[in-house]
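Trainee: Sending over a structure as structure tokens; questions will come in a sec.
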Amino acid sequence: LSQLSPRPGNTSRPEDLFAGLELLLHFKPLFIPLYCLLVAVACLGNAFLVGCIAANKKLHNTTNFFLGNLSLGDLLMCLTCVPLTASYAFEGRGWLFGRAMCHAVALLQAATVYVSVLSLVAIAVDRYVVVAYPVRRRIAPRYCGLVVAAIWALALALAAPPAWHTSYVDLRPIGHDLIICEEFWRHMERQRLVYSCAMLLLSYVVPLLAVTISYCSISAHLRRRSLPGSANLSQARWDKTKRKTFLLLVVSVLVFALCWLPLQVLNLLRDLDPDFTLLEKRYINLAQVSCHLVAMSSACYNPFIYASLHRKCRAHLRGSVRHSDCSITDFSFLLLNRNLPGSLNS
Numbered sequence: 058l059s060q061l062s063p064r065p066g067n068t069s070r071p072e073d074l075f076a077g078l079e080l081l082l083h084f085k086p087l088f089i090p091l092y093c094l095l096v097a098v099a100c101l102g103n104a105f106l107v108g109c110i111a112a113n114k115k116l117h118n119t120t121n122f123f124l125g126n127l128s129l130g131d132l133l134m135c136l137t138c139v140p141l142t143a144s145y146a147f148e149g150r151g152w153l154f155g156r157a158m159c160h161a162v163a164l165l166q167a168a169t170v171y172v173s174v175l176s177l178v179a180i181a182v183d184r185y186v187v188v189a190y191p192v193r194r195r196i197a198p199r200y201c202g203l204v205v206a207a208i209w210a211l212a213l214a215l216a217a218p219p220a221w222h223t224s225y226v227d228l229r230p231i232g233h234d235l236i237i238c239e240e241f242w243r244h245m246e247r248q249r250l251v252y253s254c255a256m257l258l259l260s261y262v263v264p265l266l267a268v269t270i271s272y273c274s275i276s277a278h279l280r281r282r283s284l285p286g287s288a289n290l291s292q293a294r295w296d297k298t299k300r301k302t303f304l305l306l307v308v309s310v311l312v313f314a315l316c317w318l319p320l321q322v323l324n325l326l327r328d329l330d331p332d333f334t335l336l337e338k339r340y341i342n343l344a345q346v347s348c349h350l351v352a353m354s355s356a357c358y359n360p361f362i363y364a365s366l367h368r369k370c371r372a373h374l375r376g377s378v379r380h381s382d383c384s385i386t387d388f389s390f391l392l393l394n395r396n397l398p399g400s401l402n403s
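Residue numbers (my numbering): 58 to 403.
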């Protein structure tokens, strides 16, 4: 996570910043439409999911609030970080958005990833509590809001080190039409490596471990309830609903893990191999942007996963589409009436 943005050759030597840029720019006509499609799909999907949860009181429960928080983080990332980092990767003049945005994007891009991770962990814990202790009262919305606030506070704290070590360097005064927004840990390579390894564990291993433990525990509880004579019809229906909800979590985490795996592996290789013996400098920029695109695409999938597994969300979507169709029909009818001879407006 110390190398989230597709920065050109982010190393401690300035001359390495320009390695591989020509090859990367050769693929610009391919990457730009893909980034645009990613931003459009992710923004529309996550905005709909957040609006669906906010507007429908039947969806106001702990799990959905955490899902909404996850979608809100993805929406924020796609509105701010993804377009700016993509622009930086392919813009020959470097960073064009000022010193403040340089540090803000470095902070937000890492923080929104941690928000997704922590939200998935919170959902895993909530699902386990619901199944293991069904008679226990659920978390009230007020306390759920406190958990969400704590998630954002912790995410911002975890994202602070790379933002602190991000430097805004304007090379125009020395004759180069280039502005650099890069993460440099000057004379602190050991600390950077420790931070990168710790964040790899927190952002990748911990959520997978949490969901695995939760999944095994929930499966064991539901299996015990499924023994002959141990459950009535309503209990079986309740168990089926909980299984479907937990399936949503498992699929979301697996998609998140698969999307982020290439970038995590690449970042680990760069941390362990600063001399580029395993991966040539010529290909590092292309590999980093490709992995970044795949990682950012994780923001696109959750709305579709949620809608495919949640009946109320699909009903809300159908209602929205019908409402839009009725509005368009009524508007067209009014326009036609304005132009018809003998109408009230003629």
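Here a beta-carbon is modelled for each residue, glycine too, at the ideal position from N, C-alpha and C.
1. DSSP on Ile236, reduced to helix/strand/coil?
2. Below 8 Å CB to CB, which residues in the same chain sit around Ile89 once its five sequence neighbours on both sides are set aside?
3. Can you give the beta carbon distance from Val307 to Val268, rounded, assuming they're within the 8 Å contact cut?
4. Would you give the residue range spanned by the alpha helix (DSSP H) that Asp183 belongs to?
5. Among Thr334, Ile362, Arg229 and Pro360, which one has its Cα closest to the Cα of Trp152?
6. Taking only three categories from DSSP, how would you classify Gly77?
7. Tell me whether Thr269 sits in a helix, a strand or coil according to DSSP, three-state version.
8. Is the beta carbon of Leu235 less than 8 Å from the beta carbon of Arg150?
9. Given a threshold of 16 other Cβ atoms within 10 Å of its Cβ, counted over all protein chains shown, does Leu311 qualify as buried or as exposed?
10. What are the partner residues of Asp227, as DSSP defines its beta bridges?
11. Determine the direct distance from the alpha carbon of Asn121 to that of Cys423, and round the result to whole angstroms.
12. Which value, in whole angstroms, describes the spacing of the CA atoms of Lys85 and Ala255?
13. Judging by CA-CA distance, which residue of Val226, Arg249, Gly232 and Ile231 is the nearest neighbour of Cys238?
14. Using the C-alpha atoms, what's the distance from Leu91 back to Cys109?
15. Got a sec? Which residues, its chain only, sit under 7 Å from Leu335 by beta carbon, not counting five neighbours each side?
16. Within the continuous alpha helix (DSSP H) that includes Ala255, where are the two ends?
17. Where does the unbroken alpha helix (DSSP H) through Phe105 begin, and where does it stop?
18. Taking the CB atoms as reference points, tell me whether Leu106 and Pro360 lie closer together than 8 Å.
19. Do you know whose CA, among Ala163, Cys273 and Val162, lies nearest Val46's CA?
20. Checking 8 Å against the spacing of the C-beta atoms, do Ala99 and Cys357 come in under that value?
21. Please state the DSSP three-state secondary structure of Arg151.
22. Just confirm the distance between the C-beta atoms of Ser260 and Val182, as a whole number of angstroms; I'd bet it's less than 8 Å.
Mentor: Looking at the atomic coordinates:
1. strand
2. Ala143 and Phe147
3. 6 Å
4. Gly155 to Ala189
5. Arg229
6. coil
7. helix
8. yes
9. exposed
10. Ile236
11. Because the chain in this structure spans residues 58 to 403, residue 423 falls outside the shown range and cannot be described.
12. 33 Å
13. Val226
14. 27 Å
15. Leu326
16. Glu246 to Leu257
17. Lys85 to Ala112
18. yes
19. In the structure as shown, the chain begins at 58 and stops at 403. Residue 46 is therefore absent and cannot be evaluated.
20. yes
21. According to the sequence provided, residue 151 is Gly. The question's Arg does not apply to it. Residue state, collapsed to three classes: strand.
22. Their Cβ separation, rounded to whole angstroms, is 17 Å, which puts Ser260 and Val182 out of contact at 8 Å.
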